[in-house]
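**Student:**
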Amino acid sequence: MLDDPRLWQIVALSMAVSLSAVAIATLIGMPLGAAIAVGRFPGRRAVIVLLNALMGLPPVVVGLAIYLLLSRAGPLGALGLLFTPQAMVIAQTVLVLPIIAALARQSVEDAWREYEEQLRSLGVHGWRGALTVLWDIRFSLLTAVLAGLGRASAEVGAVMIVGGNIDGVTRVMTTTIALETSKGDLPLALGLGIVLIAIVLALNAAAYLVKEAAERRFG
Amino acid sequence: MILPLRLENVSFRDILKPLSLAIEAGPSTIILGANGAGKSVLMRIMHGLLAPSTGSVSWQGEDPGRRQAMVFQRPVMLRRSAYANVAYALKVAGVPAKERARLAAEALEEVGLRQVAHRPARVLSGGEQQRLALARAWALHPEVLFLDEPTANLDPGATREIETIIKAFDASGTKIVMSTHNLGQARRLGDEVLYLHEGRVVERAPIERFFAQPSAPEARAFIKGELPWV
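Line order of the protein sequences matches chains D and F. Take the first sequence: its position 97, counting from 1, is numbered 97 in this note's numbering, and each next residue is one higher. Count along the second sequence from 1, add 1000, and you get the number used in this note's numbering.
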């Protein structure tokens, strides 16, 4: 089974989709979380509660919403993205963004308590303060990225709906596992499950080592 | 010149009672008082980190925020090299990139941290980090330097080094405003004393007179090591 090229194509697509979604969500979510952490604006507490709540978005509901947006009759239908890997990246980005933004918001807010007086004394305000703190705690923010990656690589509902689980095009590990299980091919499903867990474990181990090395290096 | 700094009827919640005073250029000002007397709050209001509940704080000249610096009891260093911490402060202050390297190197030399300039700031010892905080201030050439119990967490050796640097600031013409409850340090570094008691300035006097014949009974008791509030 492991020498089946189709299997590795599925693994590669899974990783490409989830890592792309996490990368996009990190680029947007980190500054967004930092801005909410450091900013003072009306409705801030409501925004924080909303953001935290969005961490629990059900993947099938996100899948459905993106499906409606991208379907032929939908507002973005002209882009022709439905049932493509890009649609899967969009859906997973929507799922992962609140997780990364909410966790970054919490981390930056905790750190801001320590940095605020010193930075304000130096004349640092607004965006510069948020970005300075974000950069300074970048290694502890790896945890937020990993939480997002865990969410993306594990979910099946959203990619199933917007990707359509088309063989050779949008079939990823989780949708294959669901399909093969229902077809009764339990060894393939189980094999893919083990590969999925091994990849997630390896990424987490690598991130942990990076974080540990950084803490030794930078204090 | 941004001095004199004037406080008019400044109060802060129930921590500082309304007070008016002026901080003039020249003599090093030591803010003395027991824990909870309001020393830190008073300095933060002067430096602009806290807004007073009532009253006004006024500096002279333009952009006074840029021409003052503060060193805290616990220095907060960014996770980058000692040198980069000083360079960051210069960048924020709008110093052109070309000049940052020279000014940062000079400041690190001044506080005796040239050897560790490229070590991560957070792995330096407590005394070294406080010297780095002073280097960060030195590079900015402030007219006024606020120090909030800068040696409270340090051993005697590190304290001596910090005091030497504070004297160098004074010698270079920077006005020193420092809180402490170390009377020996007040004597070594101060020219005048503001004595705070329960949010009020109960005495302001030249340092020699303050120690020889303090007029406020609370200050007398503090010097004797008595505790009138117990």
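All C-beta atoms, glycine included, are put in the ideal place defined by N, C-alpha and C.
Grab the span of the beta strand (DSSP E) containing V1201(F) for me, first residue to last.
**Tutor:** Here the beta strand (DSSP E) through V1201(F) covers R1200 to P1206.
**Student:** May I ask you to verify whether the region 1090-1104 of chain F touches the region 1044-1052 of chain F, counting CB pairs closer than 8 Å and requiring at least 3?
**Tutor:** Touching, no, given that fewer than three Cβ pairs across the two stretches are closer than 8 Å.
**Student:** Do V1193(F) and F1169(F) have their beta-carbon atoms positioned less than 8 Å apart in this structure?
**Tutor:** No, they are not a contact pair.
**Student:** Do A1135(F) and E1110(F) have their beta-carbon atoms positioned less than 8 Å apart in this structure?
**Tutor:** For E1110(F) and A1135(F), yes; Cβs fall inside 8 Å.
**Student:** So, with DSSP's three-state summary, where would you put V1111(F)?
**Tutor:** Residue state, collapsed to three classes: coil.
**Student:** Restricting to runs no shorter than 4 residues, where is the alpha helix (DSSP H) found entirely within the region 1051-1138 of chain F?
**Tutor:** Those alpha helix (DSSP H) runs which fall completely within the region 1051-1138 of chain F and span 4+ residues are 1082-1092 and 1097-1110.
**Student:** Taking CB distances under 8 Å as the criterion, tell me whether G150(D) reaches chain F.
**Tutor:** Taking Cβ atoms only, chain F never reaches closer than 8 Å to G150(D), which makes this a no.
**Student:** If distances are taken between C-alpha atoms only, which option among P1018(F), S1125(F) and V1041(F) comes closest to S964(F)?
**Tutor:** Given that chain F is displayed from residue 1001 to residue 1230, the structure contains no residue 964(F) and the question cannot be resolved.
**Student:** What's the C-alpha gap between A1152(F) and L1196(F)?
**Tutor:** Roughly 18 Å separates the two Cα atoms.
**Student:** Tell me the residue span of the beta strand (DSSP E) that contains F1146(F).
**Tutor:** Taken as a continuous stretch (DSSP letters only), the beta strand (DSSP E) holding F1146(F) covers V1144 to D1148.
**Student:** Is there a C-beta anywhere in chain F that falls below 8 Å from the one on L226(D)?
**Tutor:** Only positions 1 to 219 of chain D appear in this structure, which leaves residue 226(D) out of reach.
**Student:** Report the option in P1206(F), F1072(F), E1198(F) and L1124(F) whose CA atom is closest to the CA atom of I1015(F).
**Tutor:** Checked all of P1206(F), F1072(F), E1198(F) and L1124(F); the closest Cα to I1015(F) is E1198(F).
**Student:** Taking only three categories from DSSP, how would you classify M1178(F)?
**Tutor:** M1178(F): strand per DSSP, three-state reduction.
**Student:** From which residue to which residue does the beta strand (DSSP E) around F1012(F) run?
**Tutor:** Where F1012(F) is concerned, the enclosing beta strand (DSSP E) stretches over L1005 to F1012.
**Student:** Residues of chain D with CB under 7 Å from M1070(F), in chain order?
**Tutor:** Those are S121, listed as they occur along chain D.
**Student:** Applying the 10 Å Cβ sphere with the 16-neighbour rule, what's the burial state of M1244(F)?
**Tutor:** There is no way to answer for residue 1244(F), as the model of chain F reaches only from 1001 to 1230.
**Student:** Leaving out five residues on either side along the sequence, give the residues of the same chain with a beta carbon under 8 Å from the beta carbon of S1081(F).
**Tutor:** Answer for S1081(F): A1117, H1118, R1119, P1120 and A1121, listed in chain order.
**Student:** State buried or exposed for L149(D), treating a residue as buried only when at least 16 other CB atoms are found within 10 Å of its CB.
**Tutor:** So L149(D) counts as buried.
**Student:** Taking 8 Å as the threshold (beta carbon to beta carbon), is V1076(F) in contact with chain D?
**Tutor:** Yes, V1076(F) counts as interfacial toward chain D.
**Student:** Note down the Cα distance separating R1006(F) from K1039(F), rounded to an integer number of angstroms.
**Tutor:** Cα to Cα, R1006(F) sits roughly 17 Å from K1039(F).
**Student:** For V145(D) and E109(D), what's the separation of their Cα atoms in angstroms?
**Tutor:** One C-alpha to the other measures close to 17 Å.
**Student:** Assign W127(D) to one of two classes, buried (16 or more other C-beta atoms within 10 Å of its C-beta) or exposed (fewer than that).
**Tutor:** W127(D) comes out exposed.
**Student:** Which word fits T1164(F), buried or exposed, when buried means at least 16 other C-beta atoms lie within 10 angstroms of its C-beta?
**Tutor:** Classification for T1164(F): exposed.
**Student:** Determine the extent of the alpha helix (DSSP H) in which P1018(F) is found, giving its start and end residues.
**Tutor:** Counting along the chain, P1018(F) falls outside any alpha helix (DSSP H), though it belongs to the beta strand (DSSP E) covering L1016 to I1023.
**Student:** Please classify R1204(F) as buried or exposed, where buried requires at least 16 other C-beta atoms within 10 Å of its C-beta.
**Tutor:** It is exposed - the Cβ of R1204(F) has fewer than 16 other Cβ atoms within 10 Å.
**Student:** Do you know how far the Cα of L7(D) is from the Cα of R1074(F)?
**Tutor:** For R1074(F) and L7(D), the distance between alpha carbons rounds to 56 Å.
**Student:** Against chain C, does R113(D) count as a neighbour if the rule is that its beta carbon must be under 8 Å from one of theirs?
**Tutor:** The displayed structure is made up of protein chains D and F, and chain C is not among them.
**Student:** What did DSSP end up calling I222(D) once you bin it into helix, strand or coil?
**Tutor:** Residue 222(D) lies beyond the stretch modelled for chain D, which goes from 1 to 219, so this question has no answer here.
**Student:** Contact criterion: CB-CB distance below 8 Å. Does D136(D) meet it with respect to chain F?
**Tutor:** With 8 Å as the cut-off, D136(D) counts as an interface residue toward chain F.
**Student:** Leaving out five residues on either side along the sequence, give the residues of the same chain with a beta carbon under 8 Å from the beta carbon of G1065(F).
**Tutor:** Excluding sequence neighbours, G1065(F) sits near G1048.
**Student:** Residues of the region 87-119 of chain D in Cβ contact with chain F at a cutoff of 7 Å, in chain order, please.
**Tutor:** Listed by position along the chain: E114, Y115, E117 and Q118.
**Student:** Contact check, A154(D) vs I99(D) under 8 Å by CB: the rounded distance?
**Tutor:** In fact, because the Cβ distance is near 12 Å, the residues do not count as touching under 8 Å.
**Student:** Suppose the cutoff is 7 Å on Cβ atoms and the five residues either side in sequence are ignored; what does the same chain contact list for G1055(F) look like?
**Tutor:** Result list for G1055(F): L1007, E1008, N1009, V1010, S1011 and P1018, in chain order.
**Student:** In chain order, what residues of the same chain have a beta carbon less than 6 Å from the beta carbon of Y115(D), not counting five sequence neighbours either side?
**Tutor:** Within the same chain, Y115(D) has close Cβ partners V133.
**Student:** Just verifying my parser: in three-state terms, what is the DSSP assignment at H1197(F)?
**Tutor:** Note: H1197(F) maps to strand in three-state DSSP.
**Student:** What in chain F is Cβ-close to R217(D), meaning under 8 Å?
**Tutor:** What R217(D) touches in chain F: P1120.
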